[in-house]
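Participant: Here full-length UniProt numbering is used: the first residue of the sequence shown is 1, the next is one more, and so on. For every residue, glycine included, the Cβ atom is placed at its ideal position computed from N, Cα and C. Just so it is clear, the structure is predicted and the values come from calculations on it, not from any experiment.
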Amino acid sequence: MAYVIAEPCVDIKDKACIEECPVDCIYEGARMLYIHPDECVDCGACEPVCPVESIYYEDDLPAEHTQYLQINADFFTELGSPGGAAKVGMTENDPAPVKELESRAEAS
Numbered sequence: 001m002a003y004v005i006a007e008p009c010v011d012i013k014d015k016a017c018i019e020e021c022p023v024d025c026i027y028e029g030a031r032m033l034y035i036h037p038d039e040c041v042d043c044g045a046c047e048p049v050c051p052v053e054s055i056y057y058e059d060d061l062p063a064e065h066t067q068y069l070q071i072n073a074d075f076f077t078e079l080g081s082p083g084g085a086a087k088v089g090m091t092e093n094d095p096a097p098v099k100e101l102e103s104r105a106e107a108s
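1) List the residues that DSSP assigns as beta-bridge partners of residue 18.
2) I need the DSSP call for residue 49, collapsed to helix, strand or coil.
3) Report the partner residues of residue 100 according to the DSSP bridge assignment.
4) Pick out whichever of 4, 10, 3 has its Cα sitting closest to the Cα of residue 97.
5) Is the beta carbon of residue 90 sitting closer than 8 Å to the one on residue 7?
6) Of the choices 54, 31, 41, 84, whose alpha-carbon is the least far from that of residue 4?
7) Quick check: the segment 71-89 against the segment 12-27, are at least 3 beta-carbon pairs closer than 8 Å?
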C-alpha cells in the first residue's frame with residue numbers, strides 16, 4: 001500500500017483526489033474515500049489536492065491516524081480488486097471503526 005486516506009475525510013468526501021488519480025484507484029464508501037493498496041501506483045497526485053489534508057504516504061501517517069492503514073485495507077476485504085473505482089461506484093463497505101465515528105455532517 002502506498003497512500004492512505006485518514007479520518008479527516010470522514011463525512012467530507014471532497015473527491016478532488018478522484019479526479020487527479022490517473023489509475024482510478026480511489027473508491028467511495030458511504031462516509032469516506034479509500035485508496036486500493038494493489039491498484040495505487042504511488043504517483044502522489046492525490047495528496048496535494050485534498051482540501052482537508054487527509055491523504056498520507058503510508059510511512060508518513062501521523063500517530064493519531066495509523067489505524068487507517070488497516071481500515072483502508074479492510075475496506076477492500078469484501079470488495080476485492082475490481083480494477084477501477086468507476087466500475088463500482090459508491091458502496092456501503094465502510095469498516096466498523098468508520099461507521100461508528102460520530103457524524104461530522106453539518107446540521108441543516
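Facilitator: Taking the coordinates as given:
1) Residue 18 pairs with nothing; no bridge assigned.
2) The answer is helix: DSSP assigns residue 49 an H, G or I state.
3) Residue pairing for residue 100: DSSP places it in no beta bridge.
4) Minimum Cα distance to residue 97 is reached at 10.
5) No, the pair does not count as a contact, with Cβ atoms beyond the cut-off.
6) Nearest C-alpha to residue 4: 54.
7) With contact defined as three or more Cβ pairs closer than 8 Å, the segment 12-27 and the segment 71-89 are in contact.
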